Each structure stands twice: as C-alpha cells, then as structure tokens.
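Peer 1: Just so you know, the sequences run in chain order A and B.
According to the numbering used here, the first sequence is numbered sequentially starting from 1.
According to the numbering used here, the second sequence is numbered sequentially starting from 1001.
Where a beta carbon is used, it is the ideal one built from N, C-alpha and C, also for glycine.
Every value quoted in this text rests on a predicted model; they were computed, and no experiment measured them.
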Amino acid sequence: MKKKIAYGVTGLILGCIFLFPIYILIMNSFKTTKGIFTDVLGFPAKETFTLENYKNAFQELDYIRSFMNSLLITVVTAVLVLLISAMAAWVFVRYKTKASKIIFLIFAGSMLIPFQCVMLPLVGFASKIGLLSRGGLIFMYMGFQTSMAIIMFHGFIKNIPEELEEAATIDGCGSIRLFISIVLPLMRTIIVTVAVINVMGTWNDFLLPSLIINKQGLQTLPLKTYLFFGQFAKRWDLASAGLVMCMAPIIIFYLFSQKYIVKGITEGAIK
Amino acid sequence: MRKSKLRFWGFLAPSLIAFCIVVIIPTCIGFFYSLTNWNGIVGSDVKFVGFQNFIDIFTRDDSFVHAFLFTALFSVCAVVLVNLVGFGLALLVTQKFRGATLLRGIFFMPNMIGGLLLGFTWQFIFISIFEAFSKKTGIAAFSGWLSNTETGFIGLLILTVWQMSGYMMIVYIAQIQQIPESVKEAARIDGANSWQLMRYIILPLMMPAFTIGLFLSISSSFKMFDQNLALTQGGPYKSTEMIALNIYNSAFGANEFGFAQAKAIVFLIIVAGIGITQLVITKRKEVEM
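(1) How is the alpha helix (DSSP H) around A:T33 delimited, first residue to last?
(2) For A:Q116 and chain B, any beta-carbon pair shorter than 9 Å?
(3) Between the alpha carbons of B:S1112 and A:D205, how many angstroms are there, rounded?
(4) Can the beta-carbon of A:N53 be found less than 9 Å from the beta-carbon of A:L238?
(5) Any contact between the stretch 1119-1136 of chain B and the stretch 37-55 of chain A? By contact I mean 3 or more CB pairs, one from each, below 8 Å.
(6) Out of B:T1240, B:L1118, B:Y1172, which one is the CA nearest neighbour of B:A1072?
(7) B:G1040 touches chain A at which residues, Cβ-Cβ below 9 Å?
(8) From B:I1281 to B:I1274, what distance separates their C-alpha atoms?
(9) Could you check whether A:V196 and A:G264 sit closer than 9 Å to each other, using their CB atoms as the reference points?
(10) Name the residues in the stretch 1094-1119 of chain B whose C-beta lies less than 9 Å from a C-beta of chain A; which are they?
(11) Look at A:T202 and A:I73 and say whether their C-beta atoms are less than 9 Å apart.
(12) Name the chain B residues that come within less than 9 Å of A:K4, Cβ to Cβ?
(13) Report all residues from its chain with a CB closer than 6 Å to the CB of B:T1151; omit the five preceding and five following residues, and keep chain order.
(14) Kindly indicate if chain B contains any beta-carbon less than 9 Å away from that of A:P185.
(15) Listing by chain order, which chain B residues have their CB less than 7 Å from the CB of A:F195?
(16) Where do the N-terminal and C-terminal ends of the alpha helix (DSSP H) with B:T1248 fall, by residue?
(17) Anyone know if the C-beta pair for A:T146 and A:V91 falls short of 9 Å?
(18) How should B:G1234 be labelled, buried or exposed, when 16 other C-beta atoms within 10 angstroms of its C-beta is the threshold for buried?
(19) Just to confirm, does A:I151 get its C-beta within under 8 Å of one of the non-hydrogen atoms of the ligand HEM?
(20) Quick one: grab the DSSP three-state call for B:F1142.
(21) Since A:I251 meets chain B, which of its residues come closer than 9 Å, beta carbon to beta carbon?
(22) Taking the alpha-carbon of B:T1027 as reference, which of A:T97, A:V118, A:A168 has the nearest alpha-carbon?
(23) Measuring straight from C-alpha to C-alpha, what distance separates A:L120 and B:T1277?
(24) Just the chain B side, please: which residues come within less than 8 Å of A:Q219 by C-beta, in chain order?
(25) Tell me the start and end of each unbroken alpha helix (DSSP H) in the stretch 179-262 of chain A that is at least 4 residues and wholly inside, in chain order.
(26) Could you check the C-alpha separation between A:M68 and A:S257 for me, to the nearest Å?
(27) Since B:S1075 contacts B:N1246 with CB under 8 Å, what's their CB separation in whole angstroms?
(28) By the criterion of Cβ-Cβ separation under 8 Å, what are the contact partners of A:S100 in chain B?
(29) Between B:F1210, B:I1212, B:G1213, B:R1188, which has its C-alpha nearest B:I1201's C-alpha?
(30) Please tell me whether A:R94 has its Cβ less than 9 Å away from any Cβ of chain B.
(31) What residues are listed by DSSP as bridge partners for B:F1048?
(32) Give me whichever residues DSSP pairs with B:F1267 in a beta bridge.
(33) For A:M152 versus A:I190, is the C-beta spacing smaller than 9 Å?
(34) Could you check the C-alpha separation between A:K128 and A:A89 for me, to the nearest Å?
(35) For chain B, find out if any of its Cβ atoms is closer than 9 Å to the Cβ of A:F30; answer yes or no.
(36) Just tell me which of A:G124, A:I26, A:A6, A:I251 has its CA closest to the CA of B:P1044.
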C-alpha cells in the first residue's frame, strides 16, 4: 500500500513536469503582452485575460486554409503510400525469386540514407521536371515513406498462410481481385497501425514542404508556423496562441489513436 | 500454383518508380554533384572540381567539423539521458497503481508534436519563463538562456529528453512485459531483494531492448534538424549548429550546393556506419540467444 502511494506521488510529480510546457503555453496564450510581462507563471488575471491572441493568430496563420492544406496532403499521401506499399510488400513475400529478394534489400537499405543527402539533388531535379507542386510533394512522400511501410507490411504478410490465395486462384480469381478482396482485408490491423505512423510523420514534416511548396496560400501548418514565428519573433502573446492552435489537431488525433501508435512503435522497434 | 512475372512487376511498379525517382536517382546525382562547384542556380554552369569539396570540409571551413563534434557530444549525452529516463518511466508505469495508464499517455505525448513546434515552445520557456523565474528568485543561473553555447546545448538536451524519453518508454514497456512473472516470483522466493532482482534478472533480460533504444536514439539525435532550427537556429555564432543544419545553411545560406552535397555524403557515411553497426550487433545477439 505504502509503495502504491509512493509510485502515485512520483508519477504525479513527473506527469506535472511533462505537462508543464503545454500548461504554460496555454496559460500565456490567454494573456495580453502586459500580462505575460508582469506575471508569466500564473493564471491569466481578470484585467490581463484576452481572446484577441487567438483571433489575431487565427488570421495571421490563415488557419482554416493552412489546416486544409495539411489535411489534404496528409490524407492523400497516407492513402497512396499504404496502397502502393501493400501491393509491393505482398509480391515481395509471395515471390521468392532473386530479383524479389534483392529489390527488397535495396528498399530496406535505403532507410540508412539521411534526408540531407537526397535533399539538394532532389530539389534541383524536381524543379527541372516540374515537381515543385503539391502533387510533386505527395509523390516525394510516396518515394520516401514506402520503404518503412513495405518493411512493416512484409513482416505482417509473412505470417498469413498462402492457402487462401491459392484456393481463390484455382477458382479463377485474377491478381487484382485477389489482392483487393482477399489480401487487403486480412491486412486491416497492420494498415491502421502504419497509417497512424504515416499520418503523424507527414502532418509534422517541415523541411520537405519548405523546399517544395513556396506559393502563398498552399502552405501547410508547419510552414505557416515557421513564417509566423519569423514575423512575430518576440510577440509571445500571439506566438503562444498560434502554437496552441497548431498543436491542437495532432493532440486530438493522438487521443483517438493512442492504441495504434503504441502498437506501431512496439512492432517497428522489434523489426 | 502459377505465378506470373507480370503480376510481380505490376504490383511492384508504383512504389519502385516513386522510390527510384525520389531516393535512388537523387542519391546517385548527389555523388556526382559532390565533386562539382554547383551553386544551385538554374542555368549556371557546373564545373568538375574532383575531391576539392571533401578537402575543403576539413581545411577551408571548420564549421562542419565543429558541427560534427557538437552533434557527437550532444548525441552521447542525449542517448544516455533519454534511455535512462525512458527506462525509469517504463519501470514506473508498469507498476500497478491508479493513473499508470494515463501517465503513459502523458509521457508519450510530446513525441506527437512536431519538432518545429517543440523548438518554439521551449524557446518561449527558456527565454521568457526562465527569465521571469530568475527575476523572482534572484537565481542568476536561470537568466540569459540560449544566448550562449552552454545554455543552448543544455536547452537542446532538455528538449530532446522531454520529447524522446516517452518513445523509449514504449520500447522498454514492451520488453518489460515479456519478462514472465514466474521468473521474478522465483527470484523473490529465493530471497532476492529489489536491487538484486533488478541487477540479475530484469537488466539482463532487457538487453535486446537496450540495443534497440540505444540505436534509435543515437540515429535520431544525429539527424536532428527541426528542433535545432526552431530552438537556437544554430546560434550564437553557429556554435550550436548540428550537422543537418550545417548542411542546410551551406546550401541555402551560402549557395554552395556542391560543397553542401559533399558534407551530406560524409553525413551519409556517418549515419550508415551507425546503422550497419547496429545491424551487426543485433544479428550477433540473436545468434547468442
């Protein structure tokens, strides 16, 4: 019993330390500049409480549009990456040819290449073939994210017995129907796990979109946050409200998908 | 069963094409560019300069070597702290007490937020909150954060521990849960105290997870970019610039794309070296077990 209380108290203290940055951000986002200056640690007082920060940050970030841009890119990327990676992983597992093994190794090995190594030639090359657009960005995400997804799918499909597919083939089922109506449904759980990890990565990414999308009005939330910060460097009243608004979507997403994220990390780490 | 070649290549094609255009071709072009004076401007001529860029990394411009040393020192400290804290958190939340599950969620949460937002958030804390705290209590140590190399370094370290230890916690929880209760029970019956239980039962059985945690944290500390850009911008005077930011700055700040690409190749060798070492060690461990 005593032990349980000790654990509980330790946990409570650590929990507070971990939440402190978020707490302080939210508190100050409701204060005027003067309020932050006079008392940065406490709750907003009656005379320093304001909602103006949110109103202004909302406008400056062009919030709805940036949010929709991020959402569009994240969702389309996730759907395409999952589809092409599931297709590739399936044939990698079912074909035990030399070509299959070598290409799979190249995919896996490429995960050692740091982004900075590909960044400059890719941007130079992309501007030549007209890939500096949202479509181009999504295409690049497909190329970058497919390796990780293939590896995770590969590990999962290995444990699905082939008999079902063989039976369906004997009954005259073609490749595409076989994949869509037999293989994909069996992969449901792993698809959700990979989707969640993928969504997190794309939503939070800053560097790649900053190199590819430079048109006003097409920027994603992280890009807008960066520009916003450059503009209002020492305006912490506006900045804290802006930061809270940018964090909110991903934290809400986290509350709903926690289970899958934990599963994804555990499975990914074991590989 | 008849398996057609057409199906294999047909299903592989979409990901293989995207992967080749986005990763393989640029990597190959990158090796070529690292041997030129490419400045990134479309239409300007690119001259072949041999290994001059690689020589320059170590002679003309000492910023890369400095960034490397800074990154290496940072990574060593970050790896130790992140894994210690992560393991401690994992031990705590696998105990049975009320709120343990909620705590797991809280400890992991910082991981969800992008590095850029985290960097800006901590910039606010180090600059405004610490300053206010210093004024209130009169402790000078909390004043002037991020304005010199030491506080910039410690600041990055605090941010990293706050962000990554929750991730390591999840990795360690998975391993802790695989230790059978009966083994611990048997040790207790044999009269092992909690320290002996930890030292002789739990720690040895945790080794596979430590290998994973170690390499996960070392490669993410080495590749860190967003947090560095948002928290310190590498300042003051480039003294807290890490490798990824250094490459970025010599390309987009100084327009020396060829030179930056040569640095990127050296970076690739370092990161790949770490990754391959991990593979070798993990494989050897598997044989032993």
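Peer 2: Let me lay it out:
(1) 33-38
(2) So yes, A:Q116 belongs to the interface.
(3) Reading the sequence as shown, one finds Met at residue 1112 of chain B and not Ser. Spanning the two alpha carbons is a distance of roughly 12 Å.
(4) A contact, by the Cβ cut-off of 9 Å.
(5) yes
(6) If we check each option's Cα against that of B:A1072, B:T1240 comes out closest.
(7) L120, V123, G124
(8) Distance between the alpha carbons of B:I1281 and B:I1274 is about 11 Å.
(9) yes
(10) Q1095, K1096, F1097, R1098, G1099, A1100, L1102, L1103, R1104, G1105, I1106, F1107, F1108, M1109, P1110, N1111, M1112, I1113, G1114, G1115, L1116, L1117, L1118
(11) The Cβ-Cβ distance between A:T202 and A:I73 falls below 9 Å.
(12) Q1095, K1096, F1097, R1098
(13) The beta carbon of B:T1151 sits closer than 6 Å to the beta carbons of W1145 from its chain, once the five residues preceding and following it are set aside; these are given in chain order.
(14) At a cut-off of 9 Å between beta-carbon atoms, A:P185 makes no contact with chain B.
(15) Sequence check: residue 195 of chain A is Ala here, not Phe. Under the 7 Å cutoff, chain B gives no residues; its nearest Cβ is about 15 Å from A:A195.
(16) Per the sequence presented here, residue 1248 of chain B reads as Tyr, with Thr not at that position. That run of the alpha helix (DSSP H) goes 1243-1252.
(17) no
(18) buried
(19) Looking for the ligand HEM in the displayed structure turns up nothing, as the structure carries no ligands at all.
(20) helix
(21) M1109, M1112, I1113
(22) A:V118
(23) 27 Å
(24) Ordered by position in chain B, no residue passes the 8 Å Cβ test against A:Q219, which lies about 13 Å from the chain.
(25) Here the runs fully enclosed are 188-204, 207-212, 221-231.
(26) 20 Å
(27) B:S1075 to B:N1246, Cβ: 15 Å. No contact.
(28) F1008
(29) B:R1188
(30) yes
(31) B:T1036
(32) In DSSP, B:F1267 forms no bridge with anything.
(33) Pairing A:M152 with A:I190 gives a Cβ-Cβ distance under 9 Å.
(34) 31 Å
(35) Judged by the 9 Å Cβ criterion, A:F30 is not in contact with chain B.
(36) The identity of residue 1044 of chain B in the sequence shown is Ser, whereas the question assumes Pro. If we check each option's Cα against that of B:S1044, A:G124 comes out closest.
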